[in-house]
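Everything on this sheet refers to the single structure shown next.
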Amino acid sequence: YSPVSEKHLADGMTVGELCAAAITMSDNSAANLLLATVGGPAGLTAFLRQIGDNVTRLDRWETELNEALPGDARDTTTPASMAATLRKLLTSQRLSARSQRQLLQWMVDDRVAGPLIRSVLPAGWFIADKTGAGERGARGIVALLGPNNKAER
């Protein structure tokens with residue numbers, strides 16, 4: 001599934017465009033191209049360890065990582081670890097303030113999560129989320145949500 005990157009095979013895409021495609025459209029090829037820039041699955045897992053996430057791990061590339069075999073620890077996280085990692089990325093100094101705002105905006109602009117939490121969100125609330133789906137009904141979502149009028153957003 002590469003709805004954005006497949007249209008740019010000849011002209012290529014910037015890192016920012018790849019991020020937007022991977023986050024807002026779940027573009028697998030964009031995700032793999034970005035992953036290559038950080039040293040592949042091992043590089044991303046090493047970064048996660050550096051920021052204190054000792055649980056989340058990425059072992060394979062898209063689309064193999066979607067296999068979701070019961071009992072297989074590869075390519076997994078926990079809700080607590082993913083929430084803590086997102087919190088660190090959005091509030092610590094691991095990313096610049098500009099990069100934090102951009103990450104949050106890409107998550108607000110998610111175009112593939114409509115039928116999930118977004119569909120039952122109360123009026124006047126915002127959501128910034130990233131979803132994922134795998135084989136055998138595996139589903140993941142990480143989200144930041146709350147009232148639109150919160151200054152902390």
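So that you can map any letter, position 150 of the sequence shown is 150 in full-length UniProt numbering, and since no number is skipped, the others follow by simple counting.
Think of the CB as a built atom: it goes at the ideal place given N, C-alpha and C, for glycine as much as any other residue.
Practice problem: Decide if SER96 is buried, meaning its Cβ has at least 16 other Cβ atoms within 10 Å, or exposed. | Solution: exposed
Quiz item: Short check: CB of LEU86 to CB of VAL142, under 9 Å?
Solution: yes
Quiz item: Using a Cβ-Cβ cut-off of 8 Å (strictly less than) and excluding sequence neighbours within five positions of PRO70, which residues of its own chain qualify?
Solution: ARG136
Practice problem: Tell me where the beta strand (DSSP E) around PRO147 begins and ends. | Solution: 139-147
Quiz item: For the beta strand (DSSP E) that TRP61 lies in, which residues bound it at each end?
Solution: No beta strand (DSSP E) holds TRP61; DSSP gives it neither H nor E.
Quiz prompt | Separation of LEU65 from ARG98, as counted between CA atoms | solution = 30 Å
Self-check item: Buried versus exposed call for GLN2 [16 or more other C-beta atoms within 10 Å across all chains shown]
Solution: One detail in the question is off: residue 2 reads as Ser in this sequence, not Gln. Classification of SER2: buried, given that the 10 Å Cβ count is 16 or more.
Quiz item: Distance, Cα to Cα, GLU62 vs LEU33?
Solution: 10 Å
Quiz prompt | Buried or exposed by the 16-neighbour rule on C-beta atoms within 10 Å, applied to LEU9 | solution = exposed
Quiz item: Using 8 Å as the threshold, is the stretch 20-30 in touch with the stretch 98-108, meaning 3 or more CB pairs across them?
Solution: yes
Quiz prompt | Among ILE51, ARG74 and ARG49, nearest to ARG60 - alpha-carbon criterion | solution = ARG74
Quiz prompt | Reference THR91; option with closest CA among PHE126, THR77, LEU144 and ALA68 | solution = LEU144
Quiz prompt | Neighbourhood of ARG94 by C-beta, 8 Å cutoff - its chain only, sequence neighbours within 5 removed | solution = ILE51 and LYS88
Quiz item: By DSSP, does GLY114 sit in helix, in strand, or in coil?
Solution: coil
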